[in-house]
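**Student:**
There are 2 protein chains.
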Amino acid sequence: MSSERIIYMPLGGAGEIGMNAYVYGYGEPGKERLILVDLGVTFPDMDSTPGVDLIFPDVQWLAERRDRLEAIFITHAHEDHVGAVAQFHEDLGAPIYARAFTANIARRKMTEKGYTEKSVRTVSAWPEVTEVGPFKVGFVPISHSIPESSGLVIDTPKGRLVHSGDFKVDHDPVVGEAFDEELWASLAEPGVQALMCDSTNVFNAHEGRSESSLSSDIEGLIAGAKGMVVATTFASNVARVKTLAEAGKRAGRSICLLGRAMRRMIEAAVETGVLKEFPKTVSPEDAKEIPRENVMLIVTGSQGERRAASAQLAQGKYQGITMKEGDMFLFSSKTIPGNERGVIRIINQFSEMGVDVVDDSSGLYHVSGHANRPDLEKLHDLVKPHFVVPMHGEHRHLREHVKISKSKGLRGVLAPNGTMVDLTGERAEVAEYVETGRTYLDGSVKIGALDGVVRDRIRMALNGHVMVNVILDEDDDPLGEPWCEIKGLPEEGRSRAPLLDVLEEDLSQFMGRAGSKTLTDDDKLEEGLRKVTRQSAQNEIGKRPEVTVIISRLSA
Amino acid sequence: MSSERIIYMPLGGAGEIGMNAYVYGYGEPGKERLILVDLGVTFPDMDSTPGVDLIFPDVQWLAERRDRLEAIFITHAHEDHVGAVAQFHEDLGAPIYARAFTANIARRKMTEKGYTEKSVRTVSAWPEVTEVGPFKVGFVPISHSIPESSGLVIDTPKGRLVHSGDFKVDHDPVVGEAFDEELWASLAEPGVQALMCDSTNVFNAHEGRSESSLSSDIEGLIAGAKGMVVATTFASNVARVKTLAEAGKRAGRSICLLGRAMRRMIEAAVETGVLKEFPKTVSPEDAKEIPRENVMLIVTGSQGERRAASAQLAQGKYQGITMKEGDMFLFSSKTIPGNERGVIRIINQFSEMGVDVVDDSSGLYHVSGHANRPDLEKLHDLVKPHFVVPMHGEHRHLREHVKISKSKGLRGVLAPNGTMVDLTGERAEVAEYVETGRTYLDGSVKIGALDGVVRDRIRMALNGHVMVNVILDEDDDPLGEPWCEIKGLPEEGRSRAPLLDVLEEDLSQFMGRAGSKTLTDDDKLEEGLRKVTRQSAQNEIGKRPEVTVIISRLSA
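Protein chains in written order, with my numbering: chain A, 100 to 655; chain B, 100 to 655.
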């Protein structure tokens, strides 16, 4: 028996819902030829990543092995799958394969970063396959919420792997191909060694509903509205944007798309021919001139993002358009856990304006793009894999997905980010644990999650910041008194005197007591000044602030 | 007709769920005698209030009229109703009336802050009334989730007001008095001018369920568990703690309470005799010695709070107790919107440990303490008020509650925080809009929400912080070059040189170009240095940081 093996290792996506990046390898241990499936982003939040613009998986492991990386395959055009392709082009270099619509989006990202488009290669759907190194990879159409979503068939010399991609079982998905049970069953014929499977909705016990089931309820809602109707959904949920626009049109309204991301996504879908018969839209300028009961806006910002169209409308105005009493705002979306505060803020702002807000609590105006538990089990049944390897989930989702696999007699494999699994044999074995992490895009710079930059920001936010300044002369004697600046701290505390005065008084006393051993040693002096500052603040305001000490020494 | 009027004005609680504080007044306009109902807190979050410890309503309006304030009445002992009584004792001074259990909690708060207990006065339930100024106030038992929860009857010379307090319609509430329909109907007999009514669950269309309905399902769950069982709920949900403890006991387990807040609450309930027959508990030390399948811990931290027992257990250990594979963790609670990130973090940590997490998604292990829409309508029907004034809700809840009142032919009055309503006549009229806000407890200091302290913290967290230091000599000439310190910023950017070097180079050039008009003027110099720093950082790292400029001038 040859020693070649099949390996699988998530760098992202198996520990969170987002920043998908799955490595597959085939070859002798340590010399496997590699492919990467998806290279996406996830989004920051104030709790853990203040000031950060985007979050990527840490691809250092792969970058160090770029000579072994054959290609990158992108399953579909959602940001959590395609968002980071351009960001790591220099580090990874490999060609990027995708179907036409996804490739269109990937090319836009490449050119935006100043790269040529030619690394992005358009491929057709299964049964066409792309041969790279020891792999033959085919894009198998699967229903989701964006055009040309695909699972992958990854054939290796030691067996077939199936990567589900994001999917739901939808026989009438409005855009993209319907779920084709026969096609998926046919993939199982030669035997499937492992199914890497979406886990997003594993906790939902009900069969999923079709995108097409929303259409008449949404139309009814719009038809019953008296003022302007504004609906929001994910910009990249092309299916929903179409469902909304067509329902609005049937209800006799002119459709206007607001928000750059949404307009670009629809533009790309029309350009590549995957979105046909999208209703004619009007510009924001024209929308303003139409009686409000004849207008429907479809806008970005379903997650309460501060700068998106819906948040701007809730604050008063977006592109000259204002909402008012009697208008209706529809969240045709689910609030992603963690985004509730932003969404609720918007709902209350609309409430203050007298705008009626409708959300998905009735279950009538939103369906998920992901497979629920019975639908996951259907895919397991069709593909009949030797292993089920849950992906696209937090740890709790992966674990639950392993559980339900096992309960049906399948071999479930728990492989969170950084777990390299050998999938070659009867039993899946952990080959190696690789340190994984996150890379932040911060302004224009990529920083590591553990660099301490974000930690320092969080500390300043929690504790405030005191800057202490001392000057020493040529003889290491203090020149004048130490003084402070504060930021993010109250101006006065217990003693009702200015906090600055209290701190400076304590610091002066410290300098007066300090001997030459301290005064001549920057580290000792800094340490002493910091300690006094923190203690003094603790006494005065009950808080130990971050302290930056600035020592200036005049040279002779 | 005399010119005396009845006024109502929320200072907190009608614009958020939390920090309840409702002012009632009676008398000639501008000379009304006042009472305050409830004085609670709400909790900070990283998004909007980083580093803050607690949030209170701004009671300045009331403090400025303290000579007109007769008394403070506390409806029940939840933190959002009683939490701030001691914090504003100096500003308001008025006596505090409450039933025994609530008074016990209020007294603990007073003594903790070093005040005497004697401002807190224990009163009995309706039909006893307390006469203060023109008001007669009675505490009417109502079912909620903590002992002795009460609504208030507030009789004035021009009519009766009813303040619901927090409530649900529960005929078997486990602790506290059952909802007594006859009693509430009897209050309506003399006619009720206005019902101030809880709005928390107005969006829930189903009839609420009794606390007692949980008992057998929770017992079944515990009985089926093989390892240790840990359950969390709000520390102050005394009813649930009892439900959980009794179910655990019936399932043959020793009960251990973990978390200071929970132990104190149960202690107070036992001390005042409102909690009888609570199972005997064991200490954490003893719990460790009992086989894990015979132990049940009831712990604080249902909202994912970082320092609470559940978060500590999820990270490994609390008071020497560790959870492990095969144990079960039960959230007998609902996640309050905005707390999802923290709760999900804990669930994933438990998942990594192999602990099975059960939450309320089945609907079996948690019921709300607040009235749903049909139950709100029941209270409206019983009390038959001239006005329904929704309170205890965000704006969206108040507005919806007004809507459902109107749809049933009642006069709904929308009165968010700061809206002073004249409730005397046929029609409710806005008497005045008063500026309201929030007061933060930050360490040991109270600061205003608009003081800029928190704004600066958020800015440092989002943008990072650069400190610029320059020294000028006696002749206003720069002494050496300007130099910088950075905090919360990447160490290098576009040019791959240290960010500090890039900033200092640009600042040096600026100083070289600066004329004496700039060098002699601190404001001008600071403004110039800040501008250069921000521009330089923008070029280098794509971010405009917060800048603190420190100018030192040596005097002759």
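Backbone N, C-alpha and C fix where the C-beta goes; we use that ideal spot for every residue, glycine too.
So who's on the other strand from Arg510 of chain B, going by DSSP bridges?
**Tutor:** Within the second sequence, the letter at position 411 stands for residue 510 of chain B. The partner list for Arg510 of chain B (beta bridge, DSSP) reads B:Phe486.
**Student:** Strictly below 8 Å CB to CB, what residues from chain B border His188 of chain A?
**Tutor:** As a position in the first sequence, residue 188 of chain A is number 89, starting the count at 1. Neighbourhood of His188 of chain A in chain B, by CB distance below 8 Å: empty, with the nearest CB roughly 17 Å away.
**Student:** Look at the alpha carbon of Ile585 of chain A and the alpha carbon of Val222 of chain A, and state the distance between them as a whole number of angstroms.
**Tutor:** By 1-based counting over the first sequence, the position of residue 585 of chain A is 486. By 1-based counting over the first sequence, the position of residue 222 of chain A is 123. Each residue's alpha carbon lies about 58 Å from the other.
**Student:** Quick one: complete beta strand (DSSP E) runs, 3+ long, within the stretch 114-201 of chain B?
**Tutor:** 120-126, 132-136, 153-156, 168-172, 195-197
**Student:** For Asp555 of chain A, go through chain B and note every residue whose CB falls closer than 7 Å to its CB, in chain order.
**Tutor:** For the purposes of this step, residue 555 of chain A is identified with residue 456 of the first sequence, where counting begins at 1. Result: Lys586, Gly587.
**Student:** Using DSSP's beta-bridge definition, name the partner residues of Leu357 of chain B.
**Tutor:** Residue 357 of chain B sits at position 258 when you count from the first residue of the second sequence. Bridge partners of Leu357 of chain B: B:Val398.
**Student:** Among B:Glu131, B:Val136, B:Met118, B:Leu135, which one has its Cα closest to the Cα of Pro156 of chain B?
**Tutor:** Here residue 156 of chain B refers to the residue found at position 57 of the second sequence. Of the listed residues, the one whose Cα sits closest to Pro156 of chain B is B:Met118.
**Student:** Would you tell me roughly how many angstroms separate the C-alpha atoms of Lys423 of chain B and Glu590 of chain A, rounded to the nearest one?
**Tutor:** Sequence index remark: in the second sequence, residue 423 of chain B carries index 324 (1-based). Sequence index remark: in the first sequence, residue 590 of chain A carries index 491 (1-based). Spanning the two alpha carbons is a distance of roughly 48 Å.
**Student:** Helix, strand or coil for Asn568 of chain A per DSSP?
**Tutor:** Residue 568 of chain A sits at position 469 when you count from the first residue of the first sequence. If DSSP states are grouped into helix, strand and coil, Asn568 of chain A belongs with the strands.
**Student:** Please state the DSSP three-state secondary structure of Thr632 of chain B.
**Tutor:** Within the second sequence, the letter at position 533 stands for residue 632 of chain B. In this structure, Thr632 of chain B counts as helix in the three-state DSSP scheme.
**Student:** Does the pairing of the stretch 471-490 of chain B with the stretch 460-477 of chain A give three or more beta-carbon distances under 8 Å?
**Tutor:** no
**Student:** Helix, strand or coil, according to DSSP, for Gly441 of chain B in the structure here?
**Tutor:** Taking the first residue of the second sequence as 1, we reach residue 441 of chain B at position 342. Helix at Gly441 of chain B.
**Student:** Going along chain A, which residues have a C-beta under 7 Å from Gly563 of chain B?
**Tutor:** On the second sequence, position 464 is the one that residue 563 of chain B refers to. Gly150, Arg556, listed in chain order.
**Student:** Are Val328 of chain B and Asp458 of chain B close, meaning C-beta to C-beta below 9 Å?
**Tutor:** On the second sequence, residue 328 of chain B is found 229 positions in, with the first residue counted as 1. On the second sequence, residue 458 of chain B is found 359 positions in, with the first residue counted as 1. No, the Cβ-Cβ distance between Val328 of chain B and Asp458 of chain B is not below 9 Å.
**Student:** Relative to chain A, which residues along the stretch 615-631 of chain B have a C-beta separation below 8 Å, given in chain order?
**Tutor:** none
**Student:** Could you tell me which residues DSSP puts in a beta bridge with Phe449 of chain B?
**Tutor:** Here residue 449 of chain B is taken as the residue at index 350 of the second sequence, counted from 1. None; Phe449 of chain B has no bridge partner.
**Student:** State yes or no: is the beta carbon of Ile640 of chain A nearer than 9 Å to at least one beta carbon in chain B?
**Tutor:** Here residue 640 of chain A refers to the residue found at position 541 of the first sequence. Answer yes: the Cβ-Cβ gap between Ile640 of chain A and chain B drops below 9 Å somewhere.
**Student:** Along chain A, in chain order, which residues have C-beta atoms closer than 8 Å to that of Thr647 of chain B?
**Tutor:** Locating residue 647 of chain B in the second sequence gives position 548, where the first residue counts as 1. By Cβ distance, chain A contributes Met566, Glu584, Lys586.
**Student:** Once DSSP output is grouped into helix, strand and coil, what is the label at Gly237 of chain A?
**Tutor:** Working through the first sequence from its first residue, we reach residue 237 of chain A at position 138. It is a strand residue.
**Student:** Applying a beta-carbon distance threshold of less than 8 Å, which residues of chain B neighbour Ala560 of chain A?
**Tutor:** If you number the first sequence from 1, residue 560 of chain A lands on position 461. What Ala560 of chain A touches in chain B: Met145, Pro149, Gly150, Arg556, Ile557, Met559, Ala560.
**Student:** Could you compute how far the alpha carbon of Gly323 of chain B sits from the alpha carbon of Asp455 of chain B?
**Tutor:** Taking the second sequence and counting its residues from 1, one reaches residue 323 of chain B at position 224. Taking the second sequence and counting its residues from 1, one reaches residue 455 of chain B at position 356. Approximately 12 Å, taken between the alpha carbons.
**Student:** With DSSP run on the structure shown, which of helix, strand or coil describes Ile204 of chain B?
**Tutor:** For the purposes of this step, residue 204 of chain B is identified with residue 105 of the second sequence, where counting begins at 1. Reduced to three states, the DSSP call for Ile204 of chain B is helix.
**Student:** Can you check DSSP and say which residues form a bridge with Asp254 of chain A?
**Tutor:** Within the first sequence, the letter at position 155 stands for residue 254 of chain A. Asp254 of chain A is bridged to A:Lys235, A:Arg259.
**Student:** Throw me the rounded Cβ distance for the Gly250 of chain B and Phe266 of chain B pair, which I believe falls under 8 Å.
**Tutor:** On the second sequence, position 151 is the one that residue 250 of chain B refers to. On the second sequence, position 167 is the one that residue 266 of chain B refers to. With a contact defined as Cβ atoms closer than 8 Å, Gly250 of chain B and Phe266 of chain B qualify at about 6 Å.
**Student:** Is it buried or exposed for Pro256 of chain A, if we count other Cβ within 10 angstroms and need 16 for buried?
**Tutor:** Stepping through the first sequence from its first residue, residue 256 of chain A is reached at position 157. Counting Cβ neighbours within 10 Å, Pro256 of chain A comes out exposed, since fewer than 16 surround it.
**Student:** So, helix, strand or coil for Leu481 of chain B, using DSSP?
**Tutor:** Position 382 of the second sequence, counting from 1, holds the residue named residue 481 of chain B. In the structure shown, Leu481 of chain B falls within a helical segment according to DSSP collapsed to helix, strand and coil.
**Student:** If you run the structure through DSSP and keep just helix, strand and coil, what is Thr666 of chain B?
**Tutor:** Coverage of chain B is limited to positions 100 through 655, which leaves residue 666 of chain B absent and any answer about it impossible.
**Student:** Using a Cβ-Cβ distance cut-off of 9 Å, determine whether Asp574 of chain B contacts chain A.
**Tutor:** Taking the first residue of the second sequence as position 1, residue 574 of chain B is located at position 475. So, not an interface residue.
**Student:** Can you check which of these residues, B:Glu366, B:Leu356, B:Ala386, is closest to Ser409 of chain B by C-alpha distance?
**Tutor:** For the purposes of this step, residue 409 of chain B is taken as residue 310 along the second sequence, with counting starting at 1. It is B:Leu356.
**Student:** Using only CA atoms, which one of B:Gly592, B:Gly213, B:Glu580, B:Ala224 lies nearest to Gly275 of chain B?
**Tutor:** Stepping through the second sequence from its first residue, residue 275 of chain B is reached at position 176. Measuring from the Cα of Gly275 of chain B, the nearest candidate turns out to be B:Ala224.
**Student:** Use the C-beta contact count for Asp541 of chain B: other C-beta atoms within 10 angstroms, 16 or more gives buried, fewer gives exposed.
**Tutor:** Within the second sequence, numbered from 1, the residue matching residue 541 of chain B stands at position 442. It counts as buried.
**Student:** For Val552 of chain B, count neighbouring C-beta atoms within 10 Å of its own C-beta (all shown protein chains included) and say buried if the count is 16 or more, exposed if not.
**Tutor:** For the purposes of this step, residue 552 of chain B is identified with residue 453 of the second sequence, where counting begins at 1. Classification of Val552 of chain B: buried, given that the 10 Å Cβ count is 16 or more.
**Student:** In the DSSP assignment, the alpha helix (DSSP H) including Gln608 of chain A goes from what residue to what residue?
**Tutor:** As a working note, residue 608 of chain A is residue 509 in the first sequence. Looking at the DSSP string, the run of the alpha helix (DSSP H) that includes Gln608 of chain A is 598-612.
**Student:** Per DSSP, which one or two residues make a beta bridge with Gly587 of chain B?
**Tutor:** Locating residue 587 of chain B in the second sequence gives position 488, counting from the first residue. Note: Gly587 of chain B sits in no beta bridge, so no partner.
**Student:** Just to confirm before moving on: does the CB-CB distance between Met452 of chain A and Ala407 of chain A stay below 9 Å?
**Tutor:** Taking the first sequence and counting its residues from 1, the one referred to as residue 452 of chain A is at position 353. Taking the first sequence and counting its residues from 1, the one referred to as residue 407 of chain A is at position 308. Not closer than 9 Å, so no.
**Student:** Residues of chain B with CB closer than 9 Å to the CB of Leu653 of chain A, please, in chain order.
**Tutor:** Along the first sequence, one-based indexing puts residue 653 of chain A at 554. Under the 9 Å cutoff, chain B gives Ile570, Leu578, Gly579, Leu653.
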